[in-house]
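In the working numbering, the protein residues as written are 690 to 898.
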Amino acid sequence: MQHPYNYSIDKTLKHRLLDFGVPLGLFLLFFFFYNFGKFNAHEIIKTSGLLSITLLGITLAVGPLARLTPALDILKAHRKVWGILSFLVAFIHVGLVFVYFYKFNFLKFIDFASPKYMGTLSGLLALVILFLVTITSSQKALTKLSPKIWKIIQTSSYLAMALAVSHFYLMEQVNGVLVIKRLLGQITFVFSILVIALRILILLLPAKK
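In structure tokens:
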């Protein structure tokens, strides 16, 4: 019996191009128009963070948008790849922070005295949730988990999104004031909030009969 939430299809080359073309296009967008082609640790850390949260936002926006516009239902087949890639990019983001900012010191992640501690914690919690979502998105997990449990785990992606937005907000604060100097950064932040708002809107709509 097919799992009721399994939207995978026999993908053609066109589908595969969309799977990986969207993430690649976003990376190029941030690389050239956010960090202006600069390839250094600080800029790549910024780019990876923005790419991860944008990919996650697109992944989570598909369901609510398809509810409002059924023609977009075909995009559900791409959510798995985009969601997994958002986790992998987030993992790279944390790894780069660990190497270049924390100098291989794990204790930096739990430095309670740091003014950025809550921002770090929210980012790590988001990564843990995305990890759980990723490992339960396989066909093996689909057969072992009940549809209800599987849906709860997958829906926790929205909590990860909220934590990622919190991480973004707290890490970009200067003296308690949010400061996002670059336009693409501002657009990404607003987009992330809109995705969460869209999900809340869908929850308020009457359930489909």
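Even for Gly, the Cβ is constructed at its ideal location relative to N, Cα and C.
According to DSSP, is residue i part of a helix, a strand, or is it coil?
i, result
"residue 879", "helix"
"residue 866", "strand"
"residue 758", "coil"
"residue 690", "Here residue 690 scores only 31 on pLDDT, less than 50, and its place in the model should not be relied on; the value that follows carries that caveat. Three-state DSSP puts residue 690 in coil, outside helix and strand."
"residue 871", "coil"
"residue 847", "helix"
"residue 832", "helix"
"residue 776", "helix"
"residue 743", "helix"
"residue 702", "helix"
"residue 894", "coil"
"residue 827", "coil"
"residue 708", "helix"
"residue 727", "coil"
"residue 795", "helix"
"residue 763", "helix"
Since residue i and residue j are thought to touch, with beta carbons under 8 Å apart, how far apart are those beta carbons, to the nearest angstrom?
i, j, result
"residue 782", "residue 746", "Contact flag wrong, Cβ pair sits at about 15 Å."
"residue 761", "residue 715", "No, residue 761 and residue 715 are not in contact; Cβ-Cβ is about 18 Å, not under 8 Å."
"residue 798", "residue 813", "7 Å"
"residue 787", "residue 793", "7 Å"
"residue 869", "residue 880", "Not a contact, Cβ separation roughly 12 Å."
"residue 826", "residue 769", "6 Å"
"residue 854", "residue 885", "7 Å"
Restricting to Cα atoms, I'd like to know which of the options is closest to residue i.
i, options, result
"residue 856", "808, 876, 889, 873", "808"
"residue 882", "750, 716, 838, 894", "750"
"residue 707", "754, 767, 865, 741", "767"
"residue 817", "755, 852, 864, 717", "852"
"residue 742", "756, 754, 773", "773"
"residue 859", "754, 703, 702, 811", "811"
"residue 785", "763, 769, 730", "730"
"residue 685", "830, 869, 712", "In the structure displayed, the chain extends from 690 to 898; residue 685 sits before or after that span and is not available."
"residue 748", "894, 850, 890, 791", "850"
"residue 790", "733, 700, 765", "733"
"residue 765", "704, 862, 837, 861", "704"
"residue 861", "801, 735, 895", "735"
"residue 775", "894, 763, 709", "709"
"residue 763", "728, 718, 700", "700"
task: Decide if the segment 844 to 858 is in contact with the segment 813 to 825; the criterion is three or more beta carbon pairs, one per stretch, under 8 Å apart.
output: yes
- prompt: Do the segment 863 to 874 and the segment 709 to 728 make contact, defined as three or more Cβ pairs closer than 8 Å?
  reply: yes
- request: Pair every Cβ in the segment 752 to 759 with every Cβ in the segment 794 to 806, then say whether three or more of these pairs are closer than 8 Å.
  value: no
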